[in-house]
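2 protein chains.
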Amino acid sequence: MRHIRRLDRELKKGSAELLVLSLVEPQPRHGYEIGKLIERRSQGALRFNAASLYPLLYRLEKRGWLHGRWVEKAGQRRRRYYRLTPEGRRVLGRQRRGWAAFVEAVRLITGLEHA
Amino acid sequence: MRHIRRLDRELKKGSAELLVLSLVEPQPRHGYEIGKLIERRSQGALRFNAASLYPLLYRLEKRGWLHGRWVEKAGQRRRRYYRLTPEGRRVLGRQRRGWAAFVEAVRLITGLEHA
DNA sequence: TGTAATATGTGGCTATGCGACATATCAGGC
DNA sequence: GCCTGATATGTCGCATAGCCACATATTACA
Numbered sequence: 001m002r003h004i005r006r007l008d009r010e011l012k013k014g015s016a017e018l019l020v021l022s023l024v025e026p027q028p029r030h031g032y033e034i035g036k037l038i039e040r041r042s043q044g045a046l047r048f049n050a051a052s053l054y055p056l057l058y059r060l061e062k063r064g065w066l067h068g069r070w071v072e073k074a075g076q077r078r079r080r081y082y083r084l085t086p087e088g089r090r091v092l093g094r095q096r097r098g099w100a101a102f103v104e105a106v107r108l109i110t111g112l113e114h115a
Numbered sequence: 116m117r118h119i120r121r122l123d124r125e126l127k128k129g130s131a132e133l134l135v136l137s138l139v140e141p142q143p144r145h146g147y148e149i150g151k152l153i154e155r156r157s158q159g160a161l162r163f164n165a166a167s168l169y170p171l172l173y174r175l176e177k178r179g180w181l182h183g184r185w186v187e188k189a190g191q192r193r194r195r196y197y198r199l200t201p202e203g204r205r206v207l208g209r210q211r212r213g214w215a216a217f218v219e220a221v222r223l224i225t226g227l228e229h230a
């Protein structure tokens, strides 16, 4: 991944959950922070629109995989911090295995070595 | 990828093009054969429904990435064989790089090592 | 005769990412 | 005081693509 190329929209579908769950595993984070982390860690290759990210967080909370709470501090806008629930942790494990299986399946079919 | 688990539907989106283009690269193949190859090479982990595969082949042909022709032989049902066009070959190269970049981006964000 | 595999095709449903737009706070420059 | 940009969250409607269910036809085999 040398040049910053915007990645295919369809390819991203279904990967967002794994990314979000992974990022809130070590510590609670708020939505904007998650979005920026995805962008920075991928060196700009991967970016999720706010119109994707916030509804996703809402879905993950509704499913009981994340727990969110509002935090208001003086000198800061309101933020909603999300932490991983026990069930979210189990789902993350399943998604990690699922992702590895998927990458391996594509490798087997295409004969591609991964970067 | 030990046990044959059906992979997440959303995860598959966007990967089908790369798989099909890869499979018809060395030789022309027909739709049913492509479907079976995906299933066998991935050891059953990845499977595309006919309702995904045939419309996809139609789209790839319409875009000029594949060229299809009907082949009828005695003792066989009619088959539509697809071969890669020169443009399809260029697209395949782009998609391979895009896939590698995507996998690498997910790895950077999640810290996951791929299987 | 019946079942399974081969081979292709379609209508409607669903899930999800995105463009465009909206709102509000805060920092910094002019 | 005003403007711009970053921070922070949110929604409406659109487009894409995989799937369920169903349909059709031929061949192979018990």
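Residue numbers (my numbering), protein chains in the order written: chain S, 1 to 115; chain D, 116 to 230. All C-beta atoms in this analysis are idealised placements derived from N, C-alpha and C, irrespective of residue type, glycine included.
Asked, Found
"Report yes or no: is there a C-beta of chain S within less than 8 Å of the C-beta of D/A216?", "yes"
"Counting Cβ pairs closer than 8 Å, one from the segment 130-144 of chain D and one from the segment 72-92 of chain S, do we hit at least three?", "no"
"For S/Y82, list the residues DSSP reports as bridge partners.", "S/R29 and S/G68"
"Taking the C-alpha atoms as reference points, what is the distance between D/K188 and D/L172?", "21 Å"
"When the distance is taken between beta carbons, is D/G213 closer than 8 Å to S/D8?", "yes"
"Nearest CA to the CA of D/R211: which residue from S/P86, S/A45, S/T110 and S/E61?", "S/T110"
"Applying the criterion that 16 or more other CB atoms from any shown protein chain within 10 Å of the CB defines a buried residue, is D/R144 buried or exposed?", "buried"
"Using the Cβ count rule (16 or more neighbours within 10 Å means buried), how would you classify S/R77?", "exposed"
"Does any residue of chain S have a CB that is nearer than 8 Å to the CB of D/E148?", "no"
"For a quick check, are the C-beta atoms of S/E87 and S/G68 less than 8 Å apart?", "no"
"Which value, in whole angstroms, describes the spacing of the CA atoms of S/R90 and S/L46?", "25 Å"
"DSSP three-state label for D/A165, please.", "helix"
"Decide if D/V186 is buried, meaning its Cβ has at least 16 other Cβ atoms within 10 Å, or exposed.", "exposed"
"Three-state secondary structure (DSSP) at S/L108?", "helix"
"Taking Cβ positions, are D/I149 and D/L168 nearer each other than 8 Å?", "yes"
"Where does the unbroken alpha helix (DSSP H) through S/A16 begin, and where does it stop?", "A16 to V24"
"Given that S/G14 touches chain D, what residues does it touch there, using C-beta distances under 7 Å?", "D123, E125, L126 and K128"
"Going straight from the alpha carbon of S/R40 to that of S/G14, what length do you get?", "20 Å"
"Can a CB atom of chain S be found closer than 8 Å to the CB of D/R205?", "no"
"How many Å lie between D/K127 and S/L11 at the Cα?", "8 Å"
"I need the straight-line Cα distance from D/K177 to S/A105, nearest angstrom please.", "27 Å"
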